[in-house]
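Chemist: I'd like to ask you about the structure that follows.
2 protein chains.
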Amino acid sequence: MTQARAVHGIDDSPRGRLLSAAAQLFRDKGYERTTVRDIAAVVGIQSGSIFHHFKTKEEILFAVMEEVIHFNTERLRAAIAAENRPVERLRALVRAELTAIVGDTSEAMTVLVTEWRCLNADKQREALALRDIYEQLWLDVLEDLHKEGRFRADPFIMRRLITGMTGWTHNWFDQSRSLSVEGLADLIVDRVVGEESEEGAA
Amino acid sequence: MTQARAVHGIDDSPRGRLLSAAAQLFRDKGYERTTVRDIAAVVGIQSGSIFHHFKTKEEILFAVMEEVIHFNTERLRAAIAAENRPVERLRALVRAELTAIVGDTSEAMTVLVTEWRCLNADKQREALALRDIYEQLWLDVLEDLHKEGRFRADPFIMRRLITGMTGWTHNWFDQSRSLSVEGLADLIVDRVVGEESEEGAA
DNA sequence: AACACTACCAAGCAAGCGCTTGGTATGTAA
DNA sequence: TTACATACCAAGCGCTTGCTTGGTAGTGTT
């Protein structure tokens, strides 16, 4: 019973505690190397008791992914709603995604990125459908920027380059260091619309 | 005996054929989900016979990573040697890394990125030392560009953003589509030095 | 002819895995 | 007081896993 930190957006019911513990273990050791006995030990129950809450180990993985996609899709929506100009919407999106990846939902987001193929084909399709909603929010903003002439590249390609930049941060970004999430977000926005595009470019 | 395509830079000795098969399986199913029986079946031998060539399954994973780092470090060196101007050196590096990731060593490079933590601590440190050499080649070129004033950001951070952009391509880039490796490389170079920096910006 | 080396097979062991089973304690509501 | 649901335990089943063992066929060398 080591007690895992709760992942933001997951309640602390028995089920929720299992999900938080699983998210942490899946990130640290990977899905396959994590045993149901590991998860049970963190929460402080017997391994068999897990199957009172989930049918299979894979269902735990899927639940982690589902919760974190839902939570962060809502965060993106809020980010967009709070701004009017496309460039500022982009900045808000980048900040939101960085926060998701290195901040309050980092465990589950990392799992989402790295343990994708551990799901069977059906569950992958189901998760993909949720992810499409998330991605469409990005594409709408990027297409607005493209129409404004703020960058030349195909918005689809641009989104993939951004995904790479933000998604990789879980391997190196350290919030305790000098670079803040906001600072990094500005850097990434500059990669999209150019350094000179904004009035207050430092 | 399904016969795996040989990974560029790996010979076709019995050992080499095992490595190519392993690289392909590790990429497709992940290290943990791939059994030694899977690997043996592709090469057409019994599972126990694998341990005549490698002491452990983990040693196979490490060998795949070691070979691909060595091969691509040499490719980076050649890319730098063939150009004189820093911007063109950067372009050559990006092309080389993209070729490594989506081209002739894609299986092994993907494994290198995604199965990192399946190595034990010692082997991780060993692989990291090899990777540092590879990374230093990038940093030297990026520091030259930075001194020339071609971008403002910290070269270390810039390298990480590039790593994200190139590393993620294995999830979406399709060489048969309209965008070529060269076209994508130009796009990424533009993200670093700005679209207007080059004479021939289309 | 004798030896040694490489590359493999056939069989199977011990450990660890996800998951099942039958049962118990506690809380809540009729 | 009975009835039912939730949350769990103790034990262990059946299967898969990485790896070991003892042996064989083919090749080259002296």
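Protein sequence lines, in the order shown, are assigned to chains A and B. At the far end of the first sequence sits residue 202, using full-length UniProt numbering, and the numbering has no gaps. At the far end of the second sequence sits residue 202, using full-length UniProt numbering, and the numbering has no gaps. Backbone N, C-alpha and C fix where the C-beta goes; we use that ideal spot for every residue, glycine too.
Mark B/SER47 as exposed unless 16 or more other C-beta atoms lie within 10 angstroms of its C-beta, in which case mark it buried.
Modeler: exposed
Chemist: Go through its chain and collect everything with a Cβ distance to B/ARG89's Cβ below 7 Å, but skip five positions before and after it.
Modeler: ILE80, GLU83, VAL141
Chemist: State the Cα-Cα distance for the pair B/LEU130 and B/LEU137, rounded to the nearest angstrom.
Modeler: 12 Å
Chemist: Let me check understanding here. Comparing Cα to Cα, which of A/VAL193, A/VAL42, A/ASP186, A/SER178 lies closest to A/ALA92?
Modeler: A/ASP186
Chemist: Quick one: using the 10 Å Cβ neighbour count with 16 as the cut-off for buried, is B/ILE133 buried or exposed?
Modeler: exposed
Chemist: Could you give the DSSP three-state label for B/LEU19: helix, strand or coil?
Modeler: Collapsing the DSSP output to three states places B/LEU19 in a helix.
Chemist: Report yes if the C-beta distance between A/PHE151 and A/VAL192 is below 8 Å; otherwise report no.
Modeler: yes
Chemist: I want to verify the contact list: residues of chain B whose CB lies under 8 Å from the CB of A/ILE157, in sequence order.
Modeler: LEU179, LEU184, LEU187
Chemist: Below 9 Å on C-beta distance, what does A/LEU18 contact in chain B?
Modeler: Chain B residues near A/LEU18: none, gap ~21 Å exceeds 9 Å.
Chemist: In its own chain, which residues sit with a C-beta less than 6 Å from the C-beta of B/VAL43, not counting the 5 before and 5 after it?
Modeler: So the list reads ARG17, LEU18, ALA21, once near-sequence residues are dropped.
Chemist: Can you tell which of A/LYS57, A/PRO86, A/ARG75, A/PHE71 has the C-alpha that lies nearest to the C-alpha of A/GLU148?
Modeler: A/PRO86
Chemist: For a contact meaning CB atoms closer than 7 Å, what does B/ALA153 contact in chain A?
Modeler: LEU187
Chemist: Taking DSSP as the reference, what is the three-state secondary structure of B/ILE188?
Modeler: helix
Chemist: Could you tell me the boundaries of the alpha helix (DSSP H) in which A/GLU115 lies?
Modeler: From DSSP, A/GLU115 is part of no alpha helix (DSSP H); its letter is neither H nor E.
Chemist: Can you list, in chain order, the residues of its chain whose CB lies under 8 Å from that of B/THR35, leaving out five sequence neighbours each side?
Modeler: SER47
Chemist: Should A/ASP190 be labelled buried (16 or more other beta-carbon atoms within 10 Å of its own) or exposed?
Modeler: buried
Chemist: Just checking: is the beta-carbon of A/ASP65 within a distance shorter than 8 Å of some beta-carbon in chain B?
Modeler: In the sequence as presented, Asp is not what sits at residue 65 of chain A; that position holds Met. So no, A/MET65 is outside the interface.
Chemist: To the nearest angstrom, how far is the alpha carbon of B/HIS146 from that of B/ILE45?
Modeler: The straight-line gap from Cα to Cα measures roughly 53 Å.
Chemist: Would you mind stating whether A/GLY167 and A/GLU115 have Cβ atoms separated by less than 8 Å?
Modeler: no
Chemist: Quick one: residues in its chain with C-beta nearer than 8 Å to the C-beta of B/HIS53, no 5 flanking neighbours on either side, listed in chain order?
Modeler: PRO14, ARG15, LEU18
Chemist: What's the C-alpha gap between B/THR56 and B/CYS118?
Modeler: 13 Å
Chemist: Helix or strand or just coil, what does DSSP make of A/ILE10?
Modeler: coil
Chemist: Any beta carbon from chain B within less than 8 Å of A/THR56's own beta carbon?
Modeler: Closer than 8 Å: no.
Chemist: When the Cα atoms are used, what is the spatial distance from B/GLY9 to B/PHE71?
Modeler: Spanning the alpha carbons of B/GLY9 and B/PHE71 requires a straight line of approximately 6 Å.
Chemist: Would you please state the rounded distance, in angstroms, between the beta carbons of A/THR105 and A/VAL64? I believe it to be under 8 Å.
Modeler: Actually they do not touch by this definition, with Cβ atoms about 10 Å apart.
Chemist: Taking C-beta to C-beta, are B/VAL111 and B/ALA23 nearer than 8 Å?
Modeler: yes
Chemist: With DSSP collapsed to three states, give me the class of A/ALA201.
Modeler: Here A/ALA201 scores only 39 on pLDDT, less than 50, and its place in the model should not be relied on; the value that follows carries that caveat. Residue state, collapsed to three classes: coil.
Chemist: Along chain B, in chain order, which residues have C-beta atoms closer than 7 Å to that of A/ARG33?
Modeler: GLU32
Chemist: Let's test the definition: count the other Cβ atoms within 10 Å of the Cβ of B/GLY183 and tell me whether it reaches 16, buried, or not, exposed.
Modeler: exposed
Chemist: Determine the direct distance from the alpha carbon of B/ASN120 to that of B/ALA127, and round the result to whole angstroms.
Modeler: Taking the straight line from one Cα to the other gives about 11 Å.
Chemist: Short of 8 Å in beta carbon distance, which residues of its chain neighbour A/GLN175, apart from the five on each side in sequence? Order them along the chain.
Modeler: VAL102, GLY103, VAL181
Chemist: Taking the alpha helix (DSSP H) that A/GLY164 belongs to, which residues open and close that run?
Modeler: Counting along the chain, A/GLY164 sits inside the alpha helix (DSSP H) bounded by residues 155–168.
Chemist: Report yes or no: is there a C-beta of chain B within less than 8 Å of the C-beta of A/VAL161?
Modeler: Checking the sequence shown, residue 161 of chain A turns out to be Leu, not Val. Cβ-Cβ to chain B under 8 Å: yes for A/LEU161.
Chemist: Strictly under 8 Å for the Cβ-Cβ distance: is B/ARG150 near chain A by that measure?
Modeler: no
Chemist: In the structure shown, what three-state DSSP assignment does B/ARG57 receive?
Modeler: Position check: residue 57 of chain B holds Lys in this sequence, whereas Arg was assumed. In the structure shown, B/LYS57 sits in a helix (DSSP, three-state: H, G or I).
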